[in-house]
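Going down the list, the sequences are from chains A and B. With this note's numbering applied, the first sequence covers 3 to 117. With this note's numbering applied, the second sequence covers 188 to 299.
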Amino acid sequence: KAGVTQTPRYLIKTRGQQVTLSCSPISGHRSVSWYQQTPGQGLQFLFEYFSETQRNKGNFPGRFSGRQFSNSRSEMNVSTLELGDSALYLCASSTGLAGVKDTQYFGPGTRLTVL
Amino acid sequence: EDQVTQSPEALRLQEGESSSLNCSYTVSGLRGLFWYRQDPGKGPEFLFTLYSAGEEKEKERLKATLTKKESFLHITAPKPEDSATYLCAVQAGGGSNYKLTFGKGTLLTVNP
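Take a look at the structure:
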């Protein structure tokens, strides 16, 4: 079974621009979660999508948004980029089924650098 | 608020020198505790899930254990290829809360 894939792997943007990152989950997985990883803060939860609906949201500003498509693929958008948005953005997928002991599997990440 | 603390932050071992990594947590209603391994520039790789106190799981040189307040990742006779950052995460709460709260990780270096 193919793992979680993320595109692009690397991005360089300038302040004020916006960016869209993409994530394709493991086949059969309906939940996609996004995390931001920085050296100072570690891994922090951004949001989770299940069946095209945002089910959970972390403590990030509204500049960070996402969506999920009917095939469970997900995109994450960051508008008006700031220097502090430079990070590794990780996507994780799981079955997401309620009452099921579930494990999240991570993709390789997208390294975003904001200049 | 859920909290996860890992110690030590960094650990250097000689090949064959066994040790343990610690993950202590404060959560309301633990649903699962997860261990991941992360190599530089890559996404976390799943290792173990533990669901209840007293549970243990093993994989090659790694063994994870869980109590009501902490988890240990025991590394027996480590090899240089075990060098990585080991991350602990908890999933807590009820309903549709599936988010993972991560610790900052332990950077393990195993010297030959």
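Ideal placement from N, C-alpha and C gives every residue a C-beta, glycine not left out. Keep in mind that this is a model prediction, so the values were computed, not measured.
Based on the DSSP secondary-structure assignment, which residues constitute the bridge partners of residue i?
{"i": "LYS246/B", "result": "LEU249/B"}
{"i": "SER76/A", "result": "CYS25/A and GLN70/A"}
{"i": "ASN298/B", "result": "GLN201/B"}
{"i": "LYS59/A", "result": "PHE49/A"}
{"i": "THR112/A", "result": "TYR91/A"}
{"i": "GLN39/A", "result": "LEU45/A and LEU90/A"}
{"i": "THR192/B", "result": "SER211/B"}
Identify which residue in the options has its Cα closest to the Cα of residue i.
{"i": "VAL6/A", "options": "THR112/A, LEU117/A and ALA89/A", "result": "THR112/A"}
{"i": "GLY219/B", "options": "PHE289/B, LEU295/B and ASN298/B", "result": "PHE289/B"}
{"i": "SER35/A", "options": "GLN20/A, GLY60/A, THR115/A and GLY42/A", "result": "GLY60/A"}
{"i": "LEU234/B", "options": "LEU117/A, PHE52/A, SER26/A and PHE108/A", "result": "PHE108/A"}
{"i": "SER53/A", "options": "PHE66/A, GLY42/A, GLY18/A and ASN73/A", "result": "ASN73/A"}
{"i": "TYR212/B", "options": "LYS286/B, LEU295/B, CYS275/B and TYR285/B", "result": "CYS275/B"}
{"i": "THR16/A", "options": "SER95/A, PRO110/A and SER81/A", "result": "SER81/A"}
{"i": "GLN20/A", "options": "GLU50/A, LEU83/A and PRO110/A", "result": "LEU83/A"}
{"i": "ILE14/A", "options": "ARG69/A, PHE66/A and ASP87/A", "result": "ASP87/A"}
{"i": "GLN70/A", "options": "GLY64/A, PRO63/A and MET78/A", "result": "MET78/A"}
For residue i, is the beta carbon positioned less than 7 Å from some heavy atom of the ligand COA?
{"i": "ASN61/A", "result": "Questions concerning the ligand COA fall outside what the structure shown contains, since it holds no ligand whatsoever."}
For a contact defined as C-beta to C-beta under 9 Å, what are the partners of residue i on chain B?
{"i": "TYR51/A", "result": "Correct list: empty, because the minimum Cβ distance to chain B is about 11 Å."}
{"i": "PRO110/A", "result": "GLY228, LYS229 and GLY230"}
{"i": "SER33/A", "result": "TYR285"}
CB-CB under 8 Å to residue i, same chain, minus the five flanking residues each way: which ones, in chain order?
{"i": "THR97/A", "result": "GLY30, HIS31, ARG32, SER33 and ASP104"}
{"i": "GLU257/B", "result": "ASN209, CYS210, SER211 and TYR212"}
{"i": "ILE28/A", "result": "LYS3, ALA4, GLY5, VAL6, SER95 and TYR107"}
Output needed for residue i: all residues of its chain with C-beta closer than 6 Å, excluding positions within five of it in sequence on either side, in chain order.
{"i": "VAL214/B", "result": "ASP189, VAL277 and ALA279"}
{"i": "ASP269/B", "result": "VAL297"}
{"i": "THR263/B", "result": "SER205 and ARG248"}
{"i": "LEU85/A", "result": "VAL116"}
{"i": "LEU208/B", "result": "LEU260, TYR273 and THR293"}
{"i": "SER194/B", "result": "ASN209"}
{"i": "ALA197/B", "result": "LEU294"}
{"i": "GLN201/B", "result": "ASN298"}
Using a C-beta to C-beta distance shorter than 8 Å, which residues of chain A count as neighbours of residue i?
{"i": "TYR238/B", "result": "LYS103"}
{"i": "PHE259/B", "result": "Chain A residues near PHE259/B: none, gap ~20 Å exceeds 8 Å."}
{"i": "LYS291/B", "result": "GLY44"}
Identify, in the order they occur along the chain, each residue of the same chain with its Cβ nearer than 7 Å to the Cβ of residue i, setting aside the five sequence neighbours on each side.
{"i": "GLN38/A", "result": "GLN46, LEU48, ALA89 and TYR91"}
{"i": "LEU217/B", "result": "VAL277 and ALA279"}
{"i": "LYS255/B", "result": "ALA240"}
Interface residues of chain B around residue i at Cβ under 8 Å?
{"i": "ASN58/A", "result": "SER283, ASN284, TYR285 and LYS286"}
{"i": "LEU92/A", "result": "GLY230 and PRO231"}
Listing by chain order, which chain A residues have their CB less than 9 Å from the CB of residue i?
{"i": "GLY219/B", "result": "LYS103, ASP104 and THR105"}
{"i": "LEU274/B", "result": "GLY44 and LEU45"}
Closer than 7 Å by beta-carbon distance: list the chain B residues that pair up with residue i, in chain order.
{"i": "GLY98/A", "result": "TYR285"}
Inset, instruction - Could you name each continuous beta strand (DSSP E) segment of 3 residues or more that falls completely within the region 210-294 of chain B, going from the start of the chain to the end? - result: 217-225, 232-237, 243-246, 249-253, 257-262, 271-279 and 287-289
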